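Asks: The structure under discussion is supplied below as structure tokens; questions concerning it will follow.
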Amino acid sequence: MINNARNLKKRLLGLFPAKTLKENFNEDGNISDVIEILSGNLTDQAVYNFVRNHHTITRQHIYFYNLLRNFNPLSMIDFPFEIFSQSANAGTYEYLILPEISYRVVLSNPLEQEEVKFLQPVMIQIKNQILTLHFTKLEKNVAPYFDTERIATKVSQTNSEQEILNTISEFFINAFGLQKLDINRGVKFLWDTDSIDSTKVQWRRDSSVATDTMDENLLFKANYRVDYDVLILKPLVKTFFKYIKDDEYFCTSFDVDPANGQLNIPRFPKNVNQVKNVITEILANN
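At position 189 of the sequence shown (counting the first as 1) the number is 191 in our numbering, and the numbers step up by one without a gap.
What follows is the structure, encoded as structure tokens:
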């Protein structure tokens with residue numbers, strides 16, 4: 003029962019902000035009750051459509067790649083995961099997959115093992131030979147799925163995000179050739195034009211990696227302009243940014259590993275466009 007179709011649907015809906023679920027489906031009240039109602043009323047296809055249209059409002063890991071040969075959508079017939087939704091519009095191709103993830107959990111009182119399954123939304127986008135993979139982050143706390151008097155501890159995971167990423171990458175390598183997209187230039191453009199500033203920055207010196215972590219509410223460029231002028235000419239490593247404009251065009255914070263083409267969204271964005279805007283501006287200025 004714990005992994006029946008309805009419970010999988012509940013966990014899938016639970017990856018989205020409560021506000022988004024309530025507004026989109028015109029529901030009110032406790033979010034647990036809302037998800038209970040929606041999991042019973044919505045068809046599978048209605049849930050897939052919601053996930054496709056709102057995946058950018060989740061917490062997510064995003065990976066960027068260059069395809070080395072022109073994309074041919076016919077190749078997706080051989081894609082290694084089931085495609086639940088797809089679209090093609092003005093040269094942009096999108097594919098939603100929902101790989102099944104399993105957590106092995108140890109329970110107390112009495113001591114036993116249980117398996118908890120999730121469907122992890124992964125949106126695949128191809129435009130202008132740039133492949134973008136959006137992995138919605140799964141809930142790490144398994145305690146809510148069991149009785150409160152039982153201590154639940156996650157001990158292992160089957161079909162991890164890295165395993166899924168490797169399988170997807172291998173498919174595109176074989177079909178089109180693939181390389182990680184370095185987004186240093188696009189990220190630096192946003193920093194240099196004062197859209198963002200850093201709360202923690204790692205950057206490469208000539209023979210070492212330097213790390214600067216700012217005190218609370220302080221930002222690197224605003225406080226260390228001389229160091230910034232040196233840093234901006236060097237490759238960035240893992241760097242944490244805050245959006246410093248007041249228009250809510252971007253999500254409030256994100257972090258990047260530019261040389262490896264990785265973007266992390268640690269908190270729920272306020273609307274479905276904020277992450278899209280971050281990606282669009284990075285790629286347009288890369």
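By construction, the Cβ of each residue, glycine as well, lies at the ideal position given by its N, Cα and C atoms.
Predicted model only: the values in this text are computed from it and were never measured.
(1) Is the beta carbon of Tyr105 closer than 7 Å to that of Val118?
(2) Below 8 Å, can you find three or more Cβ-Cβ pairs linking the region 78 to 98 to the region 47 to 63?
(3) Taking only the alpha-carbon atoms, compute the straight-line gap between Phe256 and Gln159 and give it to the nearest angstrom.
(4) I need the DSSP call for Gln47, collapsed to helix, strand or coil.
(5) Three-state secondary structure (DSSP) at Phe137?
(6) Based on Cα-Cα distance, which residue from Val36, Ala48, Thr22, Phe66 lies nearest to Asp184?
(7) Can you give the Cα-Cα distance for Phe120 and Arg13, rounded to whole angstroms?
(8) For Ser87, which beta-bridge partners are listed by DSSP?
(9) Candidates Ala177, Asp259, Ala48: which alpha carbon is nearest Leu76's?
(10) Quick check: what's the CA-CA separation for Tyr230 versus Ile267?
(11) Measuring only the C-alpha atoms, how far is Phe137 from Ser110?
(12) Tell me, please, whether the region 185 to 199 touches the region 280 to 288 by the rule of three or more beta-carbon pairs shorter than 8 Å.
(13) How would you write the range of the beta strand (DSSP E) that Gln181 sits in, first residue to last?
(14) DSSP puts Ser104 in a beta bridge; with which residues?
(15) Any idea which residues DSSP pairs Tyr245 with across the strands?
Replies: According to the data block:
(1) In this structure, Tyr105 lies closer than 7 Å to Val118 by Cβ.
(2) A contact exists between the region 78 to 98 and the region 47 to 63.
(3) 26 Å
(4) Reduced to three states, the DSSP call for Gln47 is helix.
(5) strand
(6) Phe66
(7) 6 Å
(8) Leu98
(9) Selected option, being the one with the closest Cα: Ala177.
(10) 24 Å
(11) 32 Å
(12) yes
(13) 180 to 182
(14) Lys119, Thr160
(15) Beta-bridge analysis with DSSP links Tyr245 to Ile198.
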